[in-house]
Amino acid sequence: MKVRVCVVLLSCLWLISCSKINQENYNRLKAGQTKAEVEDLLGKPAECSGALGLSSCTWGDQSSAFISVQYVNDKVVMYAGQGLR
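Take 2 as the starting number for the sequence shown in my numbering and just add one per residue.
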């Protein structure tokens with residue numbers, strides 16, 4: 002039983018440490034990148050919304066760490082992050 006608990010805890014720690022929502026990846030974002038380039042870097046977003054060529058996508062959880070990217074015609078125009086490590 003103790004081995005299972007240790008394995009579960011180590012797995013959780015590993016998943017947390019593998020998060021793509023971090024300062025290093027945020028620093029790699031640049032205006033003009035395509036939506037596909039951002040998704041290669043950060044993975045699929047938690048949520049996206051938009052219309053008429055404008056969109057906004059968010060990765061992570063706004064109650065802790067997140068990155069938000071705004072696009073015009075699928076090109077980065079602005080981005081912001083909070084709680085990144």
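For each residue, glycine too, the CB sits at the ideal point set by N, CA and C. None of the values given here were measured: they were computed from a predicted structure.
query = What are the partner residues of I68, as DSSP defines its beta bridges?
reply = Here residue 68 corresponds to residue number 67 of the sequence shown, with the count starting at 1. The partner list for I68 (beta bridge, DSSP) reads W60 and G82.
query = Excluding sequence positions up to five away, which residues of its chain have a Cβ less than 7 Å from the Cβ of K36?
reply = As a working note, residue 36 is residue 35 in the sequence shown. Taken in chain order, the residues that qualify are Y72 and D75.
ask   = Can you tell me where the beta strand (DSSP E) with A52 in it begins and where it stops?
value = Within the sequence shown, the letter at position 51 stands for residue 52. For A52, the enclosing beta strand (DSSP E) covers residues E48 to A52.
request  = Please report how far the alpha carbon of S56 lies from the alpha carbon of I68, in whole angstroms.
outcome  = Mapped onto the sequence shown, residue 56 falls at position 55. Mapped onto the sequence shown, residue 68 falls at position 67. One C-alpha to the other measures close to 14 Å.
request  = Could you tell me which residues DSSP pairs with L55 in its beta bridges?
outcome  = Numbered from 1 along the sequence shown, position 54 holds the residue referred to as residue 55. The beta-bridge partner set that DSSP reports for L55 consists of A52 and V73.
task = State yes or no: is the C-beta of W60 within less than 8 Å of the C-beta of A47?
result = In the sequence shown, the residue the question calls residue 60 occupies position 59. In the sequence shown, the residue the question calls residue 47 occupies position 46. Yes, the pair counts as a contact, with Cβ atoms nearer than the cut-off.
ask   = Should C13 go down as buried or exposed, given a rule of 16 or more other Cβ atoms within 10 Å for buried?
value = Here residue 13 corresponds to residue number 12 of the sequence shown, with the count starting at 1. Annotation note: pLDDT 44 at C13 (below 50); position unreliable, coordinate value reported separately. It counts as exposed.
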